[in-house]
Structures are given as structure tokens and as C-alpha cells.
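Inspection log for the structure reproduced underneath, given as C-alpha cells.
Numbering (this note's numbering), first residue to last: 25 to 169.
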């Protein structure tokens with residue numbers, strides 16, 4: 025059975041989650057309450073974004089794929105900016121030593137993904153666009169009920 029992903033809703037929720045986490049970094053939150061939460065949310069976002077990336081990468085014929093790749097590209101940039109704004113020496117992440125290494129790995133992983141997404145976002149026309157073109161004769165046939 026084909027996997028159905030609600031890209032717009034999923035990516036919207038991911039973007040809002042990143043925004044909430046970023047705003048939380050500006051607060052004076054207690055590490056004992058929030059450090060594990062932040063790490064678990066970062067790992068959740070990492071896994072979810074990676075799954076969506078892999079799905080789009082494996083399904084080149086997907087309708088509106090290029091739009092979803094652009095949306096994912098924006099999310100990737102937002103996620104990297106958020107991760108890079110975390111100071112591992114102070115604040116919410118200072119009490120999680122294993123979290124600092126994991127965050128660095130996540131940043132590098134998503135930087136690699138962004139480079140791959142840029143190929144699709146920047147290219148004026150990918151190979152799937154040319155396959156989706158309908159000739160004049162085909163259009164007449166389709167419109168001729």
C-alpha cells in the first residue's frame with residue numbers, strides 16, 4: 025500500500041515546533057525540566073524531516089514534488105538555524121553531554137540534505153517536468169470526451 029504523507033500539514037507543524045523551541049531558548053528555562061525535552065524534540069524533528077526527505081527523494085514522479093521539495097528546503101534551513109543557535113556550553117543543553125555531539129551530527133546531516141535539495145530547488149526544470157508535458161494532440165484527445 026502506498027504511503028500517504030500530508031506534506032503541507034506535516035511541514036507546517038514542523039515549522040511551528042521549531043519556532044516554539046527557538047522561542048524557548050530565549051527564556052530562562054530550568055535545565056532539569058527542559059533539557060531532555062529539547063533533546064527529544066530535536067531527535068524527533070531530525071527523524072521526521074529525514075523521513076520526509078527520503079520519501080521525496082525516492083518518489084521522483086510525485087505530483088507537486090518540486091513544491092514540496094521547496095517547502096522542505098525552507099524547513100531544513102530553519103532547522104539548521106535553530107540548531108546552530110543552541111549554545112552547548114550554556115543554557116538548556118549544558119546538562120546533556122551526549123546531546124551536544126548528537127546536535128553536531130544532526131547539523132552536518134541536514135547540511136548535506138540541504139545541498140541535495142538545492143539541486144532541485146535551483147534547477148529551472150528537472151527531468152520529471154519534461155515527462156509531464158502533454159502534447160497538443162494528447163490534450164485534444166483528453167478534452168475530447
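Where is the CB? At the ideal position from N, CA and C, for every residue including glycine.
Query - Sequence-distant residues of its chain with Cβ nearer than 7 Å to residue 102 (five each side left out) - result: As a first step, residue 102 is located in the chain shown; it is residue number 78 there, counting from the start. Excluding sequence neighbours, residue 102 sits near 39 and 42.
Query - First through last residue of the alpha helix (DSSP H) which encompasses residue 85 - result: Residue numbering aside, residue 85 sits at position 61 when the chain shown is read from its first letter. No alpha helix (DSSP H) holds residue 85; DSSP gives it neither H nor E.
Query raised in the report: What separation, rounded to the nearest whole angstrom, lies between the Cα atoms of residue 128 and residue 108?
Result: In the chain shown, residue 128 corresponds to position 104, counting from 1. In the chain shown, residue 108 corresponds to position 84, counting from 1. Computed Cα separation, rounded: 9 Å.
**Report entry** Straight-line gap, residue 154 to residue 89 (C-alpha atoms, nearest Å)
**Finding:** Your numbering for residue 154 matches position 130 in the chain shown. Your numbering for residue 89 matches position 65 in the chain shown. Note that residue 154 scores 49 on pLDDT, short of 50, meaning its location in the model is unreliable and no value can be drawn from it.
Requested in this report: May I ask you to report which of helix, strand or coil DSSP gives residue 35?
Outcome: Looking up residue 35 in the chain shown gives position 11. Helix at residue 35.
Query - residue 48 at chain D interface by Cβ criterion, 9 Å - result: Of the chains in the structure shown, none is chain D; there is only one protein chain.
Requested in this report: Tell me whether residue 57 is buried or exposed, calling it buried when 16 or more other Cβ atoms sit within 10 Å of its Cβ.
Outcome: Numbered from 1 along the chain shown, position 33 holds the residue referred to as residue 57. Exposed: under 16 other Cβ atoms inside 10 Å.
**Report entry** Contacts around residue 133, its chain only, beta-carbon distance under 8 Å, and the 5 residues preceding and following it disregarded
**Finding:** Stepping through the chain shown from its first residue, residue 133 is reached at position 109. These residues qualify, in order along the chain: 70 and 74.
Query raised in the report: Helix, strand or coil for residue 29 per DSSP?
Result: As a working mapping, residue 29 is identified with position 5 in the chain shown. DSSP, read as helix, strand or coil, puts residue 29 in coil.
**Report entry** Top-ranked residue by Cα proximity to residue 64, from 138, 126 and 37
**Finding:** In the chain shown, residue 64 corresponds to position 40, counting from 1. Among 138, 126 and 37, the Cα nearest to that of residue 64 is on 126.
Query raised in the report: residue 29: which of 45, 59, 52 and 76 sits nearest, CA to CA?
Result: By one-based count along the chain shown, residue 29 stands at place 5. Residue 29 has its Cα closest to that of 76, out of 45, 59, 52 and 76.
Query raised in the report: residue 139 to residue 54, Cα distance in whole Å?
Result: Here residue 139 refers to the residue found at position 115 of the chain shown. Here residue 54 refers to the residue found at position 30 of the chain shown. Taking C-alpha positions only, residue 139 is separated from residue 54 by approximately 36 Å.
Query raised in the report: In the structure shown, what three-state DSSP assignment does residue 116 receive?
Result: As a first step, residue 116 must be located in the chain shown, where it is residue number 92. If DSSP states are grouped into helix, strand and coil, residue 116 belongs with the helices.
Requested in this report: Reducing DSSP to helix, strand and coil, say where residue 95 ends up.
Outcome: As a working note, residue 95 is residue 71 in the chain shown. DSSP places residue 95 in helix when its eight states are reduced to three.
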